[in-house]
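Quick note: to get my numbering, add 1 to the position in the sequence shown (first position is 1).
Here a beta-carbon is modelled for each residue, glycine too, at the ideal position from N, C-alpha and C.
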Amino acid sequence: YREWEQFSTSSPPDQSMVRLIDWERCAWGDPAFDLGTIIASYLGIWLSSLVVDPTIKLEESLRLAVTPLQVLQPSIAALTQAYLTAFTGIESARPNWLKRVVQFTGLALIHQIQAMIYYQKSFDNTGICMLQVAKTLLCRPKQSVPTVFGISESELISNPVIP
């Protein structure tokens, strides 16, 4: 790697350009996909902090979360509003943009589950909760917006971050 780095900086600028693609780090690049992937990381923090046990009711598990979703929601909303500011007009160019963000969030959670199964060889109660959340995000994205962001879609879109 270092040899290539030295070579690339020492080669004369008039030579043909060589471009490398790191396929291991490759992702789609769609703003909805990118944002959905980041939001899934936030939700992963929340989901991995849940106390999940068959003897505990869901409401109790949510209350006992080490990192409650309500703590993360302002950051998720601010991140999304910053994205809306950076990509001005995306919600008018693509009216279903936020729906796609939520669906890509569900897809990214499924990718996290796949990685957990592949590397840890486990699928426990936390994985089941993650899968249930992913399914809801994929199948009912509009209804999931207030849960994920802590505010309605109209509030999220009408209050972009001003740089």
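Residue i and residue j closer than 9 Å at C-beta
i    : j    : result
R95  : P142 : no
M117 : S123 : yes
V52  : L65  : yes
S49  : T148 : no
L157 : T81  : yes
T137 : G37  : no
L108 : A135 : yes
Through-space distance from residue j to residue i, alpha-carbon basis
i    : j    : result
E60  : I46  : 18 Å
N1   : N97  : Only positions 2 to 164 of the chain appear in the structure, and residue 1 is not among them; the question remains open.
I152 : D125 : 31 Å
T56  : E92  : 43 Å
V67  : K58  : 16 Å
V146 : G90  : 20 Å
L70  : L63  : 9 Å
A79  : L85  : 10 Å
Q133 : Q104 : 13 Å
S76  : D35  : 16 Å
Q1   : S155 : Given a span of 2 to 164 for the chain in the structure shown, any question on residue 1 remains unanswerable.
Would you call the segment 106-116 in contact with the segment 31-45, where contact means no fewer than 3 C-beta pairs closer than 8 Å? A contact exists between the segment 106-116 and the segment 31-45.
Which ranges would you report for the beta strand (DSSP E) in the segment 64-89 if only whole runs of at least 3 residues count? Complete beta strand (DSSP E) runs here, min 3: none at all.
Note down, one range per segment and in chain order, each alpha helix (DSSP H) of at least 4 residues found wholly within the segment 86-141. Annotation: the segment 86-141 contains the following complete segments of the alpha helix (DSSP H) (minimum length 4 residues), in chain order: 91-94, 98-116, 126-140.
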